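Trainee:
Protein chains: 2
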Amino acid sequence: MAEADRKLANGADRIDFKTDPSRYRHWKLAVEGDTATLTMDVDENAPLFEGYQLKLNSYDLGVDIELADALERLRFEQPQVRVVLLRSGKPRVFCAGANIRMLAAASHAHKVNFCKFTNETRNAIEDASEFSGQRMICVVTGSCAGGGYELALAADHIILVDDGSSTVSLPELPLLAVLPGTGGLTRVTDKRKVRRDHADVFCTTEEGVKGRRAVDWKLVDEVVPNSKLDETVAARAQEFAAKSDRPADAKGIVLAPLQVKATPQGRETALVSVEIAGRIATITLRGPQSAPPADMNMMLAQGSAFWPLALARELDDAILDIRLNEFEVAAIVFKSEGDAAAVLAHDELLEENKAHWLAREIRLKWKRVLKRVDLTSRTLVTLVEPGSCFAGTLAELVLAADRSYMLVGQRDGDNRPAAAMALHAVNFGPYLMSNGLTRLATRFLDDDKAVAAAKKAIGEVIDAGAAGELGLVTFALDDIDWEDEIRVFLEERASFSADSLTGLEANLRFGGPETMETKIFARLTAWQNWIFQRPNAVGEEGALRRYGTGQKAVFDTKRV
Amino acid sequence: MAEADRKLANGADRIDFKTDPSRYRHWKLAVEGDTATLTMDVDENAPLFEGYQLKLNSYDLGVDIELADALERLRFEQPQVRVVLLRSGKPRVFCAGANIRMLAAASHAHKVNFCKFTNETRNAIEDASEFSGQRMICVVTGSCAGGGYELALAADHIILVDDGSSTVSLPELPLLAVLPGTGGLTRVTDKRKVRRDHADVFCTTEEGVKGRRAVDWKLVDEVVPNSKLDETVAARAQEFAAKSDRPADAKGIVLAPLQVKATPQGRETALVSVEIAGRIATITLRGPQSAPPADMNMMLAQGSAFWPLALARELDDAILDIRLNEFEVAAIVFKSEGDAAAVLAHDELLEENKAHWLAREIRLKWKRVLKRVDLTSRTLVTLVEPGSCFAGTLAELVLAADRSYMLVGQRDGDNRPAAAMALHAVNFGPYLMSNGLTRLATRFLDDDKAVAAAKKAIGEVIDAGAAGELGLVTFALDDIDWEDEIRVFLEERASFSADSLTGLEANLRFGGPETMETKIFARLTAWQNWIFQRPNAVGEEGALRRYGTGQKAVFDTKRV
Chain L
169 MAEADRKLAN GADRIDFKTD PSRYRHWKLA VEGDTATLTM DVDENAPLFE GYQLKLNSYD
229 LGVDIELADA LERLRFEQPQ VRVVLLRSGK PRVFCAGANI RMLAAASHAH KVNFCKFTNE
289 TRNAIEDASE FSGQRMICVV TGSCAGGGYE LALAADHIIL VDDGSSTVSL PELPLLAVLP
349 GTGGLTRVTD KRKVRRDHAD VFCTTEEGVK GRRAVDWKLV DEVVPNSKLD ETVAARAQEF
409 AAKSDRPADA KGIVLAPLQV KATPQGRETA LVSVEIAGRI ATITLRGPQS APPADMNMML
469 AQGSAFWPLA LARELDDAIL DIRLNEFEVA AIVFKSEGDA AAVLAHDELL EENKAHWLAR
529 EIRLKWKRVL KRVDLTSRTL VTLVEPGSCF AGTLAELVLA ADRSYMLVGQ RDGDNRPAAA
589 MALHAVNFGP YLMSNGLTRL ATRFLDDDKA VAAAKKAIGE VIDAGAAGEL GLVTFALDDI
649 DWEDEIRVFL EERASFSADS LTGLEANLRF GGPETMETKI FARLTAWQNW IFQRPNAVGE
709 EGALRRYGTG QKAVFDTKRV
Chain G
169 MAEADRKLAN GADRIDFKTD PSRYRHWKLA VEGDTATLTM DVDENAPLFE GYQLKLNSYD
229 LGVDIELADA LERLRFEQPQ VRVVLLRSGK PRVFCAGANI RMLAAASHAH KVNFCKFTNE
289 TRNAIEDASE FSGQRMICVV TGSCAGGGYE LALAADHIIL VDDGSSTVSL PELPLLAVLP
349 GTGGLTRVTD KRKVRRDHAD VFCTTEEGVK GRRAVDWKLV DEVVPNSKLD ETVAARAQEF
409 AAKSDRPADA KGIVLAPLQV KATPQGRETA LVSVEIAGRI ATITLRGPQS APPADMNMML
469 AQGSAFWPLA LARELDDAIL DIRLNEFEVA AIVFKSEGDA AAVLAHDELL EENKAHWLAR
529 EIRLKWKRVL KRVDLTSRTL VTLVEPGSCF AGTLAELVLA ADRSYMLVGQ RDGDNRPAAA
589 MALHAVNFGP YLMSNGLTRL ATRFLDDDKA VAAAKKAIGE VIDAGAAGEL GLVTFALDDI
649 DWEDEIRVFL EERASFSADS LTGLEANLRF GGPETMETKI FARLTAWQNW IFQRPNAVGE
709 EGALRRYGTG QKAVFDTKRV
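From first to last, the protein sequence lines stand for chains L and G.
Numbering-wise, the numbering used here puts 409 at position 241 of the first sequence, and it's gapless, one number per residue.
Numbering-wise, the numbering used here puts 311 at position 143 of the second sequence, and it's gapless, one number per residue.
See below:
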């Protein structure tokens, strides 16, 4: 159940992350040649939860789920699209940001996970631009406030119409006593390089900035009079399209709907089972049932049924479902079943064809799903047992875990061979974490020798002893200790304070460099979460609660 | 008044940061040749606040104020000291970390600022090692837990005695439901490069790690049996001393006690006035009264009265006083009075002699004081007016401000010349912020041209017009607008939520790269502050409150 105290407007008992354009209520997606237009036109009468309207193109998680879906489809279904124009379908407003009544009524856990998802969606926009040649141009007509401007900030280029009234603003602080926390502060300073004192003025000015000053302060890339808007947008689209390497005449694949079956303990999709027992969710991933397709044409023919893509999508949906619907889950335990050689054969096909647009998209999708795992604030545990297939791409789940356990030798009464892992080139490059390093490089921070030793083991069958020596798993255990040790560990974990685990894991998972992305999820988000707890924002007299009531917020004036 | 609801044990009404070895209750400082021994021997009956005892070498802010003082004195008063041995004066315990009863009873604002100060002190240990050739070796005998181990982590080398009972541990999470927030998590992953899964085990294990495993997991540098402890410590001290560039036969200067006079509106020291009106504190810095000493010998003779050093110490104390005693202050306004040429002459003397130990120390002291300003969570405003001397080192206070205002031309009825700023080489190198960049480089992130233009202006008299063009100030205002504009701005600032300002400023001030230091103050601290607000730690049934009561903490099990 998503949240005991709130009702989903559609009468369902869980938030559903699956959608498709035929079901969109808030976005219109139109494609013409190499240019797509994504129009935000929020249906104010279709909120996710009961109790508020989505006025002025404001958004809630439901709106963002559609956006995330549209962005995914553009990459897989429209390989020829090189430029995405982000526009508003409303006359005088671009987007008013996250809906305030929704925020005021949401639980802390929902707010935090809502922000995490919207952040991931905006990061995906930048990922499409940087790695997939799909650039975004944001055309701001009308008021573009708060989360609306934060969405614009994710684009490569922001055009602001110069009509005397269209503005960009981050009014969160003066209006609501919270931060522009969906990447806003970080992108203002680190992406757009707005001078810190200008940023200070901008972020404390309710009414925002328009016209020339918006360009001078680097808040937008250009201002254009209404009369020249269409030609400017067309010209910029052409310029950005010219620099893209996306294939001109490729045909996309269709992302078929995921079929999810509820089970008494959890859920099943074709390749992923989720079982929840007590406060532990076990996610079991199934390896490929057959050899990979012989060539790229056959891979294209498999479409979204192609094993790596199908698994990535199912895992992603399972993680999101736990994040937003199962707040009591303390730990996620990853298991796998299948043939490691078949996993590696799929990795190899993608590696050999990594320049092909679809192979590239699939690996980028895995990169994003694995980052979503890294950023999930539940304890992550991976169990490497006989019959498992933690090889290549799936070995990343061993490295993503807070702890991993590997069984030494065979299991009593089980004639399957001893557990083994395997590494592949894919573990040494494409799946960068948000800190810009591979999981192995993060694990062995500045220890090039350890990374080299792991690289040398590519192609080897890595048993528990070797995995321990290479430092790939935390503990290698005998059958006799296995069950007790893991049970005690999981019980202990569930007994700790949930909040302190969130903080611990957020720190230990991201050693090494910080990037704009890690800054957003750490410096910015952690401060925002702190503010989301403080009475000045969320108390009875706080700004979030008092907004729109006509009563002024009352603040504790102590500076902490 | 420090905190309305708590009483200082010494009966005073403000926390005092000034001390000297003759008044230490908790530390012993002994110097022999090039080696100092700093012995922690906390007097359990001398807590800072009433209501708890400092058992088992646990610490509160009072203990840390003495440590910070000892570290400062070692640098200025003992230039020949190359190695500092950090030891415990208690038989079976090294240090039990921050005192839990103190934490449980402290206000949120005190806790947060206590942690900030202790973090700054540990960073100063690393600063002494990296920039000043004073290395620290920590000799762990007995139990070294929590903040005790975090103190050890600041050292260059950790020796753990192998006696079967001496351990290092970070039991904050399992015991208290908070984080090892005084740099612990960050130094474990980023300084000592402990593998993230080992770190996970270590940080969730109450009893800690001893012997061989502590070395294998990189938690300490060596374990040594009791019988070989003395010779090992002596050998390491010799090794580290051999690599230091500190002068063998220099004589130190004495850091004379600061004379602080309370005034009806604030306080006065020789060079710094603090005036508090409403929620605004105005700090006025006075420039040098005379030309700098002719040479280094005369500078040594001036000792701690030498203007740059005297001003740095007074400013530091003023900032700390506001941070811990004046929680209602929303903004600090910096002003200055004096002769810019005289400021620059002092900067030039230090620049010419930057290889001299004392000149180096004074510049490093300024670096630390300016970082303290950056990290002060109050709005920082600098006003550049006629008669001010924001030149060279003092110009850093314009660049450190969230906003700065400069008066254009002369003031009506004031015949002093128009306000001017001046830059010096000192603005382009030695005063790195904790992000590893100069304030100018942070201001003009990736805009080398703007930095170069500022560099070209070295030696010029920069009036308001030029300062605006160079981007050194936020607003240049005429006399006619000055008073109203600034008054309205300060009133508005004081009307905003204090917490959201803290978050905003913490984000906007630190654009660009993150370092271990910024990670500690952002990722780690922000999460800790969040946890310090959560009922699982600080609620009636939370772990911090229930610790030692015999009652188990009760947790909200929701993962956020």
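The beta carbon of each residue, even a glycine, is placed where N, CA and C say it ideally should be.
All values derive from a computational prediction rather than experimental measurement.
#1: With DSSP collapsed to three states, give me the class of residue 194 of chain L.
#2: Starting from residue 557 of chain G, follow its DSSP beta bridges and name the residues at the other end.
#3: Quick one: what's got a C-beta closer than 6 Å to residue 280 of chain G's C-beta in the same chain, skipping five residues either side?
#4: Give me the Cβ distance between residue 563 of chain G and residue 591 of chain G, rounded to the nearest whole Å; I'm assuming they're in contact under 8 Å.
#5: Taking buried to mean at least 16 other C-beta atoms within 10 Å of its own C-beta, is residue 302 of chain L buried or exposed?
#6: I'd like to know whether the C-beta atoms of residue 668 of chain G and residue 341 of chain L end up nearer to each other than 8 Å.
#7: Got a sec: is the Cβ-Cβ distance from residue 726 of chain G to anything in chain L below 8 Å?
#8: Please name the residues in the stretch 368-402 of chain L whose beta-carbon is closer than 8 Å to at least one beta-carbon of chain G, in chain order.
#9: Under 8 Å between C-beta atoms, does residue 342 of chain L make it to chain G?
#10: How long is the line joining the alpha carbons of residue 258 of chain L and residue 208 of chain L, rounded to whole angstroms?
#11: Run through chain L and tell me which residues come within less than 7 Å of residue 732 of chain G, C-beta to C-beta.
#12: If contact is defined by three or more beta carbon pairs under 8 Å, each pair taking one atom from either stretch, is the stretch 504-513 of chain L in contact with the stretch 447-458 of chain L?
#13: Using a beta-carbon distance cut-off of less than 8 Å, what residues from the stretch 615-630 of chain G approach chain L?
#14: Quick one: Cα of residue 625 of chain G to Cα of residue 640 of chain G, how far?
#15: Hey, is residue 268 of chain G's beta-carbon within less than 8 Å of any beta-carbon in chain C?
#16: Quick one: give me the first and last residue of the alpha helix (DSSP H) that residue 535 of chain L is part of.
#17: Just checking: is the beta-carbon of residue 346 of chain G within a distance shorter than 8 Å of some beta-carbon in chain L?
#18: Identify the residues that DSSP records as bridge partners of residue 325 of chain L: which are they?
#19: What in chain G is Cβ-close to residue 545 of chain L, meaning under 8 Å?
#20: Which complete alpha helix (DSSP H) runs does the stretch 572-651 of chain G hold, if anything under 4 residues is left out?
#21: What are the residues in the stretch 532-558 of chain L lying within 8 Å of chain G by C-beta distance?
#22: Take residue 578 of chain G as the anchor and find which of G:524, G:633, G:502 has the nearest alpha-carbon.
#23: Would residue 201 of chain L be called buried (16 or more neighbouring beta carbons within 10 Å of its own) or exposed?
#24: I want to see whether chain G comes within less than 8 Å of residue 493 of chain L, judged by CB atoms only; does it?
#25: Does the beta carbon of residue 606 of chain L sit closer than 8 Å to a beta carbon anywhere in chain G?
#26: Is there a Cβ of chain G sitting closer than 8 Å to that of residue 434 of chain L, yes or no?
#27: Using C-beta distances below 6 Å, list every residue in its chain close to residue 229 of chain L, excluding the 5 sequence neighbours before and after it, in chain order.
#28: For the putative contact between residue 515 of chain L and residue 401 of chain L, defined by C-beta atoms under 8 Å, what is the C-beta separation to the nearest angstrom?
#29: Please list the residues of the stretch 671-683 of chain L that have a C-beta atom closer than 9 Å to any C-beta atom in chain G, keeping them in chain order.
#30: Would residue 675 of chain L be called buried (16 or more neighbouring beta carbons within 10 Å of its own) or exposed?
#31: Does DSSP classify residue 219 of chain L as helix, strand or coil?
#32: Please tell me whether residue 664 of chain G has its Cβ less than 8 Å away from any Cβ of chain L.
#33: Expressed to the nearest angstrom, what Euclidean distance is found between the alpha-carbon atoms of residue 438 of chain G and residue 560 of chain G?
#34: When you compare the CB of residue 290 of chain G with every CB in chain L, is at least one pair closer than 8 Å?
#35: If you drop the 5 nearest sequence neighbours on each side, which residues of the same chain put their C-beta closer than 7 Å to that of residue 433 of chain L?
#36: Can you check the stretch 420-495 of chain L for any alpha helix (DSSP H) of at least 4 residues that lies completely inside it and give the ranges in chain order?
Mentor: Taking the definition as stated:
#1: In the structure shown, residue 194 of chain L sits in coil (DSSP, three-state: anything other than H, G, I, E or B).
#2: In DSSP, residue 557 of chain G forms no bridge with anything.
#3: Cβ within range, chain order: 697.
#4: Taking the Cβ atoms as the reference, residue 563 of chain G lies roughly 6 Å from residue 591 of chain G, within the contact range of under 8 Å.
#5: With 16 or more Cβ atoms within 10 Å of its Cβ, residue 302 of chain L is classed as buried.
#6: Cβ atoms of residue 668 of chain G and residue 341 of chain L: closer than 8 Å.
#7: Yes, residue 726 of chain G lies at the interface with chain L (some Cβ there is under 8 Å from its Cβ).
#8: So the list reads 368, 369, 371, 372, given in the order they occur along the chain.
#9: Judged by the 8 Å Cβ criterion, residue 342 of chain L is in contact with chain G.
#10: Taking the straight line from one Cα to the other gives about 8 Å.
#11: Residue 732 of chain G falls outside the range modelled here, since chain G spans only 169 to 728, and no answer is possible.
#12: They touch, by the three-pair rule.
#13: Per Cβ criterion, the list reads 615.
#14: Spanning the alpha carbons of residue 625 of chain G and residue 640 of chain G requires a straight line of approximately 11 Å.
#15: Here the protein chains are L and G, and chain C is not one of them.
#16: Element bounds for residue 535 of chain L: 525-542.
#17: So yes, residue 346 of chain G belongs to the interface.
#18: The partner list for residue 325 of chain L (beta bridge, DSSP) reads L:305.
#19: Those within 8 Å of residue 545 of chain L in chain G are 727, 728.
#20: List check, alpha helix (DSSP H) in window: 607-611, 616-624, 632-638.
#21: Against chain G - using a Cβ distance shorter than 8 Å - the residues of the stretch 532-558 of chain L are 545, 546.
#22: Ranking G:524, G:633, G:502 by Cα distance to residue 578 of chain G puts G:633 first.
#23: Residue 201 of chain L counts as exposed, since fewer than 16 other C-beta atoms from the protein chains shown sit within 10 angstroms of its C-beta.
#24: Closer than 8 Å: no.
#25: Closer than 8 Å: no.
#26: Residue 434 of chain L does not count as touching chain G.
#27: 216, 282, listed in sequence order.
#28: Contact check for residue 515 of chain L and residue 401 of chain L: beta-carbon distance about 41 Å, past the 8 Å limit, so the pair fails to qualify.
#29: Flagged, chain order: 671, 672, 673, 674, 675, 676, 677, 678, 679, 680, 681, 682, 683.
#30: Here residue 675 of chain L is buried: its Cβ has 16 or more other Cβ atoms, across all protein chains shown, within 10 Å.
#31: In the structure shown, residue 219 of chain L adopts coil according to DSSP, grouped into three states.
#32: The C-beta of residue 664 of chain G comes closer than 8 Å to at least one C-beta of chain L.
#33: Taking the straight line joining both Cα atoms gives about 20 Å.
#34: Contact of residue 290 of chain G with chain L is not assigned, every C-beta pair being separated by 8 Å or more.
#35: Short of 7 Å from the beta carbon of residue 433 of chain L, and not among the five residues preceding or following it, lie these beta carbons of its own chain, in chain order: 443, 444, 445.
#36: Whole alpha helix (DSSP H) segments, 4+ residues: 464-470, 475-493.
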